[in-house]
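To keep things clear, I will list the structure first and then write my remarks on it.
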Amino acid sequence: MNRGSQMSKFRICLYGRSFGSARLLNTAAYDSSIAHLKADLKKAMQAKDDASKTTIRSVLSSVKNSEIDAKGKTLDEFALADLYTRLLNQRKESINHFLQNNREDLAQRERFETQVIEKYLRALPIASREEIDTKVFSLLQDLKLQTPDMQLKQIFGKIDWQSMPSEWKASAATIRSSIAAQFKKVFT
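Numbered per numbering that gives the first Met the number 0, the sequence shown finishes at 187, counting up by one with no gaps.
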């Protein structure tokens, strides 16, 4: 690879700061989701909708942090779904803490943020949790017919983690958590 092609992928690094874009390596669905977030941020700013603006900025900040943590790895809609799910879980935990401390005002704000994030999660081209659970349940039943006394780690070893997430339109983490949740139902 010559120096010219290296320069076309990444911008010049001055004084230890990289001005390159990590989004060059991401999938089209990921990039369109980020563009949608930015367009909605612009609309919220024009409409002076502070609650939506703050939530979208928070989500974009989390996306940027995950891009930095990825260190040049390709990010896709599944990584974005995992991020949104993590943000939703944080908000739900905060709601519970606020309600325990009689802070209904803060809990209401977190509920609104949860609704906004759920909207973006539903917009991603991924399988729903119910669809994944159904596929995992049938997979586990098929594996039980082959070997009735399988352990969880053996099941994880039999799965092709390279192709399954794209075939099922789900992240590997979502599939793993579903397998762990469904395992006791099938193998006990």
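Glycine included, each C-beta is placed from N, C-alpha and C at the ideal position.
State yes or no: is the C-beta of residue i within less than 8 Å of the C-beta of residue j?
| i | j | result |
| --- | --- | --- |
| Ser198 | Leu86 | Because the chain is modelled from 0 through 187, residue 198 falls outside the range shown and cannot be assessed. |
| Leu82 | Ser65 | yes |
| Ser177 | Ile131 | yes |
| Pro164 | Phe77 | yes |
| Leu93 | Glu109 | It is worth fixing the name first, because residue 93 is Ser in this sequence and not Leu. Contact: yes. |
| Arg128 | Thr113 | no |
| Leu139 | Lys157 | no |
| Ile55 | Ala69 | no |
Grouping DSSP H, G and I as helix and E and B as strand, with all else coil, what is residue i?
| i | result |
| --- | --- |
| Pro164 | helix |
| Ser20 | Its pLDDT being 47, under 50, Ser20 is placed unreliably in this model, and the coordinates cannot settle the point. |
| Met149 | coil |
| Thr113 | helix |
| Ser137 | helix |
| Ser170 | coil |
| Ile125 | coil |
| Asp48 | coil |
| Ile158 | coil |
Would you call residue i buried or exposed, if buried means 16 or more other Cβ atoms sit within 10 Å of its Cβ?
| i | result |
| --- | --- |
| Trp160 | exposed |
| Asp75 | buried |
| Gln145 | exposed |
| Thr197 | Any property of residue 197 remains undetermined from this structure, which presents the chain solely from 0 to 187. |
| Thr73 | exposed |
| Asn25 | buried |
| Ser137 | exposed |
| Ile67 | exposed |
| Leu123 | buried |
| Ala80 | buried |
| Gln153 | exposed |
| Asp39 | buried |
| Ala34 | exposed |
| Ser7 | Note on Ser7: pLDDT 41, under 50, position unreliable in the model; no value is reported. |
| Gln181 | buried |
| Ser162 | exposed |
Comparing C-alpha positions only, which one of the options sits nearest to residue i?
| i | options | result |
| --- | --- | --- |
| Gln150 | Ser137, Lys70, Ala179 | Ala179 |
| Ala172 | Val135, Gly71, Ile33, Lys63 | Val135 |
| Leu36 | Thr84, Phe97, Val115 | Val115 |
| Glu117 | Gln99, His96, Asn88 | Asn88 |
| Lys183 | Glu166, Phe97, Asn95, Asp148 | Asp148 |
| Val185 | Thr133, Gln107, Ala46, Asp49 | Thr133 |
Jot down the residue ranges of each uninterrupted alpha helix (DSSP H) in the segment 54–106, minimum 4 residues, whole runs only, in chain order.
76–99
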